[in-house]
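Colleague: Quick one: the structure is below, questions incoming.
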Amino acid sequence: MIDLAVDKPGKFKTLENYNQSLKEGYKLLPFRFIRLDEERYVLTNDVGEYLVISQGSLPAFVNKTIEPGSGLYNDLKSKHFLLDDDSSIALELVAMKYRTKMQQVSSFTGLHMFVVTLRCDHSCPYCQVSRQSEDRATFDMTIETAAKCLDFTFRSPSPSIKIEFQGGEPFLNFDLIKWIVLEAKRRNEQHQKDVEFVIATNLALLTDDILSFCLEQDVHLSTSLDGPQDLHLANRPRPGSDSYQKVISGINRVRAVLGPDKISALMTTTKASLGRSKEIIDEYMRQGFNAIFLRPLSPYGFAIKTKWYQSYDVQDWLTFYFEGLDYIIELNKRGYPFVELYAGIILNKMFSPWGTGYVDLQSPAGLGISAILFNYNAEVYASDESRMLAEMGDKQFCLGNIHENSYEEIMLSEALLNPIEQSIVESVPGCQDCGFQPYCGSDPVYHYATQKDSVGHKALSGFCKKNMAIMRRLISLMEDDAEAKKILLSWVKV
Amino acid sequence: MRHMHHTLRILPATIKNMQPDNDASVTEAVDGSVSVVFDLQINSLTAVKKAVYKFAADCAAVLSTKEPNQLEVKLSFPDTTDLVDKRAVVRAFCNEVIDQDLREQIACETEATRNLILAQAFSKTSLLQQD
Ligand code: SF4
Chain P
0 MIDLAVDKPG
10 KFKTLENYNQ
20 SLKEGYKLLP
30 FRFIRLDEER
40 YVLTNDVGEY
50 LVISQGSLPA
60 FVNKTIEPGS
70 GLYNDLKSKH
80 FLLDDDSSIA
90 LELVAMKYRT
100 KMQQVSSFTG
110 LHMFVVTLRC
120 DHSCPYCQVS
130 RQSEDRATFD
140 MTIETAAKCL
150 DFTFRSPSPS
160 IKIEFQGGEP
170 FLNFDLIKWI
180 VLEAKRRNEQ
190 HQKDVEFVIA
200 TNLALLTDDI
210 LSFCLEQDVH
220 LSTSLDGPQD
230 LHLANRPRPG
240 SDSYQKVISG
250 INRVRAVLGP
260 DKISALMTTT
270 KASLGRSKEI
280 IDEYMRQGFN
290 AIFLRPLSPY
300 GFAIKTKWYQ
310 SYDVQDWLTF
320 YFEGLDYIIE
330 LNKRGYPFVE
340 LYAGIILNKM
350 FSPWGTGYVD
360 LQSPAGLGIS
370 AILFNYNAEV
380 YASDESRMLA
390 EMGDKQFCLG
400 NIHENSYEEI
410 MLSEALLNPI
420 EQSIVESVPG
430 CQDCGFQPYC
440 GSDPVYHYAT
450 QKDSVGHKAL
460 SGFCKKNMAI
470 MRRLISLMED
480 DAEAKKILLS
490 WVKV
Chain E
0 MRHMHHTLRI
10 LPATIKNMQP
20 DNDASVTEAV
30 DGSVSVVFDL
40 QINSLTAVKK
50 AVYKFAADCA
60 AVLSTKEPNQ
70 LEVKLSFPDT
80 TDLVDKRAVV
90 RAFCNEVIDQ
100 DLREQIACET
110 EATRNLILAQ
120 AFSKTSLLQQ
130 D
């Protein structure tokens with residue numbers, strides 16, 4: 000009999016001991032499974048390997064009746080689902096792969112978001128936070144606050160720092176952005192980190208001065224494009240009804256001055272977007288983008304207050320998403336390379352040896368660990384969504400104040416550590432033995448916003464329903480359509 | 000209005016799609032609730048409980064023991080659930096119990112290996128027994 004019992008707390012037998020005791024037959028390596036459809040199961044393990052097997056093969060595998068040397072046996076073995084006499088290095092390999100996947104946790108906070116103002120020239124009905132106001136004193140971040148935020152940023156042990164400017168509309172406080180960029184570069188002469196800057200902007204207030212500063216200082220821009228003109232205008236009203244013209248001309252100006260790869264775009268799905276995924280994707284292609292992130296509305300801020308969030312449910316969004324995904328695969332098959340970025344993130348979790356840094360699909364949650372946000376008023380939040388929740392009066396995820404609390408106080412606050420600890424999917428009810436767990440994560444702020452509990456009941460969770468459906472679809476596509484598989488694999492960055 | 004408690008045993012032919020892949024017996028009451036009886040010598044209580052948790056969005060469940068080793072799970076559905084959906088849920092629920100049982104078996108067999116892998120992954124040699 001194989002004896003792997005833990006003799007004393009914290010003591011394990013060695014690998015040699017383990018291998019010697021394995022005489023014949025095979026032994027199961029740890030794995031989880033979930034039904035893919037009526038006929039098939041997906042098996043996954045901690046290193047992210049997956050294998051689809053027939054319904055009947057699973058009990059046969061568990062009961063050790065799979066014929067050694069058969070195709071299924073070899074697949075199970077090569078993907079680390081079983082161990083036999085010949086697999087002497089398998090455990091070390093699995094351990095090494097697992098360690099590599101988990102490295103993101105130790106590299107710590109990379110993304111630092113600075114909300115330089117809450118003021119905005121747009122009045123998007125689903126917007127979470129912005130204000131139409133001239134009141135700079137109330138809604139703009141000050142230099143004193145920004146300086147403290149930079150002190151905090153450079154305390155991060157991460158060798159790569161990304162500073163993202165958010166709003167409101169950040170261009171309304173561009174002088175502060177300039178100061179932060181120059182000051183961060185000055186400080187970095189000592190720290191020698193890899194520092195990147197991005198401004199999230201609607202581009203309506205873009206000027207030549209802003210462009211030349213971004214060119215000189217290598218600042219990237221990220222904008223919002225919700226689809227064709229009528230849809231974009233309906234989603235993003237501003238005085239003069241010219242938000243679409245402004246964003247398109249802005250994109251072209253940025254490309255001409257900074258270069259084609261210095262601008263990216265994000266879209267938000269509103270009720271008006273449903274049924275129009277193809278048009279939205281066509282618009283992205285027409286504007287020269289080769290990727291899109293099909294995003295649902297978040298259950299925070301004004302979206303909830305104005306009932307925009309309730310205007311469609313996860314199922315409606317999934318229908319929209321899958322129409323879009325099918326269309327993108329179709330475009331690729333016709334020779335137009337185009338990527339859906341959310342699928343890309345999941346595929347990277349499946350096939351890249353590294354974990355992805357995507358905050359919502361991490362275990363433990365990326366709160367504070369991967370990203371941190373400095374609000375205009377000096378409050379520090381664990382994520383963008385947390386401050387949106389705060390704008391609605393719920394400061395559950397407020398970690399402190401940059402003027403009043405130290406780095407240690409903020410990073411070790413209960414508001415941060417509790418949800419992180421509870422978000423380790425390996426121990427969350429429902430996720431614990433879910434076959435998709437290695438590719439999934441938890442989103443404490445989403446679950447808190449929707450269920451008033453940062454762990455959340457997964458059977459009632461839109462986050463779970465969305466991810467489960469997308470993972471099932473991606474795996475089914477790869478199993479059933481060889482050409483689609485090739486396309487999906489091309490989205491993996493190795 | 001409260002319904003009486005007598006239950007209708009559904010003929011296997013009429014509940015074809017509700018019938019699980021295991022031996023659990025399924026009956027539908029006049030109030031629309033469905034009772035599934037599991038033999039605890041075959042299915043574990045934890046497996047049934049985990050399945051109940053997983054189906055919380057579709058139905059509410061009350062667990063009770065009738066006879067030794069007989070666990071009754073009474074599933075109540077929202078009024079909007081039609082018969083086709085109900086059958087699909089009951090069938091999926093029973094299959095989930097089978098899956099959960101299998102998961103228990105796998106977890107039990109692989110727990111020590113998992114600990115070994117984690118020890119190897121995170122501490123290289125420091126946690127390993129030297130002899
Ligand atoms: S959230 Fe849902 S899909 Fe993700 S691991 Fe948990 S149970 Fe699985």
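Taken in order, these protein sequences are the chains called P and E. Counting from 0, one number per residue, gives the positions in the first sequence under numbering that gives the first Met the number 0. Counting from 0, one number per residue, gives the positions in the second sequence under numbering that gives the first Met the number 0. Every residue, glycine too, gets a C-beta built ideally from N, C-alpha and C. Every value quoted in this text rests on a predicted model; they were computed, and no experiment measured them.
(1) Does residue 20(P) pass the burial test, meaning 16 or more other C-beta atoms within 10 Å, or should it be called exposed?
(2) Use the C-beta contact count for residue 274(P): other C-beta atoms within 10 angstroms, 16 or more gives buried, fewer gives exposed.
(3) Listing by chain order, which chain P residues have their CB less than 9 Å from the CB of residue 92(E)?
(4) Answer yes or no: does any C-beta atom of chain P fall closer than 7 Å to that of residue 40(E)?
(5) Can you give me the C-alpha to C-alpha distance between residue 402(P) and residue 148(P), rounded to a whole angstrom?
(6) Taking the Cβ atom as the reference point for each residue, do residue 133(E) and residue 42(E) lie within a distance shorter than 7 Å?
(7) Applying the 10 Å Cβ sphere with the 16-neighbour rule, what's the burial state of residue 107(E)?
(8) CB of residue 343(P) to nearest heavy atom of the ligand SF4: below 6 Å?
(9) Please return the same chain residues whose Cβ sits closer than 7 Å to the Cβ of residue 75(E), not counting the five positions on each side in sequence.
(10) Using alpha carbons as the reference points, say which of 472(P), 464(P) and 371(P) lies closest to residue 400(P).
(11) Identify whether residue 224(P) lies in helix, strand or coil by the three-state DSSP scheme.
(12) Grab me the residues of residue 263(P)'s own chain with a C-beta within less than 6 Å of its C-beta, minus the 5 sequence neighbours each way, in chain order.
(13) Give the DSSP-derived three-state secondary structure of residue 190(P) in the structure shown.
(14) Taking just the CA atoms, how far does residue 56(P) sit from residue 428(P)?
(15) Closer than 7 Å, CB to CB, is residue 489(P) near chain E or not?
(16) Using the three-state DSSP reduction, which class does residue 448(P) fall into: helix, strand or coil?
(17) Counting only C-beta atoms, is residue 87(E) closer than 7 Å to chain P at any point?
(18) Between the alpha carbons of residue 406(P) and residue 52(E), how many angstroms are there, rounded?
(19) Contact check, residue 97(P) vs residue 45(P) under 8 Å by CB: the rounded distance?
(20) Buried or exposed for residue 289(P), going by 16 or more other Cβ atoms inside 10 Å?
(21) Going along the chain, which residues of the stretch 48-73 of chain E sit with their C-beta nearer than 9 Å to a C-beta in chain P?
(22) Restricting to runs no shorter than 3 residues, where is the beta strand (DSSP E) found entirely within the stretch 46-114 of chain P?
(23) Does residue 27(E) pass the burial test, meaning 16 or more other C-beta atoms within 10 Å, or should it be called exposed?
(24) Taking DSSP as the reference, what is the three-state secondary structure of residue 375(P)?
(25) Hey, quick one: how far does the beta strand (DSSP E) through residue 161(P) stretch, first residue to last?
(26) Going by the beta-carbon positions, is the gap between residue 159(P) and residue 239(P) smaller than 7 Å?
(27) Considering residue 251(P), what are the terminal residues of the beta strand (DSSP E) in which it resides?
(28) I'd like to know whether the C-beta of residue 108(E) is nearer than 7 Å to at least one C-beta of chain P.
(29) As a quick exercise: from 80(E), 44(E) and 119(E), pick the residue whose alpha carbon is nearest that of residue 132(E).
(30) Measure the alpha-carbon distance for residue 207(P) versus residue 389(P) and round it to whole angstroms.
(31) Give me the Cα-Cα distance between residue 226(P) and residue 260(P), rounded to the nearest whole angstrom.
(32) For residue 256(P), collect the residues of the same chain with a Cβ closer than 7 Å to its Cβ; drop the 5 residues on either side in sequence, then sort them by chain order.
(33) Taking the C-alpha atoms as reference points, what is the distance between residue 115(E) and residue 62(P)?
(34) Heavy atom of the ligand SF4 less than 6 Å from the Cβ of residue 112(P), yes or no?
(35) Please report whether the beta-carbon of residue 432(P) lies at a distance below 7 Å from any beta-carbon of chain E.
(36) Go through the stretch 313-339 of chain P residue by residue and report every complete run of the alpha helix (DSSP H) that reaches 4 residues or more, in order.
Modeller: On the basis of the data shown:
(1) Confidence in residue 20(P) is poor, its pLDDT being 44 and thus under 50, which makes the residue's placement unreliable; the coordinate value appears in the next sentence. Taking every protein chain shown into account, the CB of residue 20(P) has fewer than 16 other CB atoms within 10 angstroms, so this residue is exposed.
(2) Taking a 10 Å sphere around the C-beta of residue 274(P), we find fewer than 16 other C-beta atoms and assign the residue as exposed.
(3) Counting only Cβ-Cβ distances below 9 Å, residue 92(E) has no contacts in chain P at all, with the closest Cβ about 12 Å away.
(4) With 7 Å as the cut-off, residue 40(E) does not count as an interface residue toward chain P.
(5) Here the C-alpha atom of residue 402(P) lies approximately 9 Å from the C-alpha atom of residue 148(P).
(6) It is not possible to answer for residue 133(E), since the shown part of chain E is limited to 0 through 130.
(7) Residue burial annotation: residue 107(E) is exposed, with fewer than 16 other C-beta atoms found within 10 angstroms of its C-beta.
(8) Because no heavy atom of the ligand SF4 lies under 6 Å away, the Cβ of residue 343(P) does not count as near it: no.
(9) For residue 75(E), where only same-chain residues beyond five positions count, the Cβ hits under 7 Å are 32, 58 and 59.
(10) Closest by C-alpha distance to residue 400(P), out of 472(P), 464(P) and 371(P), is 371(P).
(11) Of the three classes helix, strand and coil, the one that applies to residue 224(P) here is coil, per DSSP.
(12) Within the same chain, Cβ atoms closer than 6 Å to the Cβ of residue 263(P) are found at 221, the five residues on either side in sequence being excluded.
(13) Here residue 190(P) sits in helix by DSSP.
(14) Taking the Cα positions, residue 428(P) is about 27 Å away from residue 56(P).
(15) The Cβ of residue 489(P) sits no closer than 7 Å to any Cβ of chain E.
(16) Residue 448(P): helix per DSSP, three-state reduction.
(17) So no, residue 87(E) is outside the interface.
(18) Separation of residue 406(P) and residue 52(E) (C-alpha to C-alpha, rounded to the nearest whole angstrom) is 40 Å.
(19) A Cβ-Cβ separation of about 5 Å places residue 97(P) in contact with residue 45(P) under the 8 Å criterion.
(20) Burial is judged here by how many other beta carbons sit within 10 angstroms of a residue's own beta carbon; residue 289(P) has fewer than 16 and is exposed.
(21) Among the residues of the stretch 48-73 of chain E, those with a Cβ less than 9 Å away from any Cβ of chain P are 49, 52, 53, 54, 55, 56 and 57, in the order of the chain.
(22) Listed in chain order, they are 49-53 and 110-114.
(23) Buried, since its Cβ has 16 or more Cβ neighbours within 10 Å.
(24) DSSP, reduced to helix, strand and coil, places residue 375(P) outside both helices and strands of the structure shown, so it counts as coil.
(25) First-last of the beta strand (DSSP E) with residue 161(P): 159-165.
(26) At a Cβ-Cβ threshold of 7 Å, residue 159(P) and residue 239(P) do not count as neighbours.
(27) From DSSP, residue 251(P) is part of no beta strand (DSSP E) but of the alpha helix (DSSP H) over 242-257.
(28) Residue contact with chain P for residue 108(E): present (Cβ-Cβ distance below 7 Å to some residue of chain P).
(29) The structure shown does not extend to residue 132(E), since chain E is modelled only from 0 through 130, so no value can be given for it.
(30) Rounded to whole angstroms, residue 207(P) to residue 389(P) spans 35 Å at the Cα level.
(31) Here the C-alpha atom of residue 226(P) lies approximately 20 Å from the C-alpha atom of residue 260(P).
(32) Within the same chain, and ignoring the five residues on either side of residue 256(P) in sequence, the residues whose Cβ sits closer than 7 Å to its Cβ are 210 and 214.
(33) Taking the straight line joining both Cα atoms gives about 22 Å.
(34) No, the ligand SF4 has no heavy atom inside 6 Å of this Cβ.
(35) Closer than 7 Å to some Cβ of chain E, the Cβ of residue 432(P) qualifies, so yes.
(36) Secondary structure within the stretch 313-339 of chain P: the alpha helix (DSSP H) runs of 4 or more consecutive residues, fully enclosed, are 313-332 (chain order).
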